[in-house]
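Student:
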Amino acid sequence: MVLEKGRYAKEGLSVTLVEADASTRVNRELVEGRAEYGVNASEILVGRAAGSDIVVLGAIFQHSPLVVVARAPDLKAPDNMP
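Heads up, the sequence shown is in this note's numbering, so the first residue is -4 and it goes up one at a time.
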């Protein structure tokens, strides 16, 4: 929507959005200079650990990352909580 409204161009930016699929190696696209920004899963951390100079800017969540942890072997779902 921002691209279509010309807001990037208004700021002097030339932006092209590229949709990735399962075969796209986002880290490789970044490291080899074919992309300047990418959205990726944990693969980006693996690349960083392997020595790439990729910088992680932030995390994107579609759902809350919070979880409940309990020491109760028979607790299988929130409905089972005492």
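Where a beta carbon is used, it is the ideal one built from N, C-alpha and C, also for glycine. Note that this is a predicted model, so its numbers are computed, not measured.
Can you check the stretch 28 to 74 for any alpha helix (DSSP H) of at least 4 residues that lies completely inside it and give the ranges in chain order?
Tutor: As far as the stretch 28 to 74 is concerned, its whole alpha helix (DSSP H) runs of at least 4 residues are 38 to 44.
Student: By the three-class DSSP mapping on this structure, what secondary structure does V21 have?
Tutor: If DSSP states are grouped into helix, strand and coil, V21 belongs with the helices.
Student: By the 10 Å Cβ neighbour count, where 16 or more other Cβ atoms means buried, how is G46 classified, buried or exposed?
Tutor: Classification for G46: exposed.
Student: How far does the alpha helix (DSSP H) with A15 in it reach, from first residue to last?
Tutor: First-last for A15: undefined, no H or E at that position.
Student: What are the start and end residues of the alpha helix (DSSP H) that includes K5?
Tutor: Note, K5: alpha helix (DSSP H), R2 to K5.
Student: Report the residue from E(-1), S59, L61 and P77 whose alpha carbon sits nearest the alpha carbon of A67.
Tutor: Minimum Cα distance to A67 is reached at P77.
Student: Short of 8 Å in beta carbon distance, which residues of its chain neighbour V(-3), apart from the five on each side in sequence? Order them along the chain.
Tutor: Correct list, in chain order: Y3.
Student: Would you report the Cα separation of G1 and P73, rounded to the nearest angstrom?
Tutor: Each residue's alpha carbon lies about 47 Å from the other.
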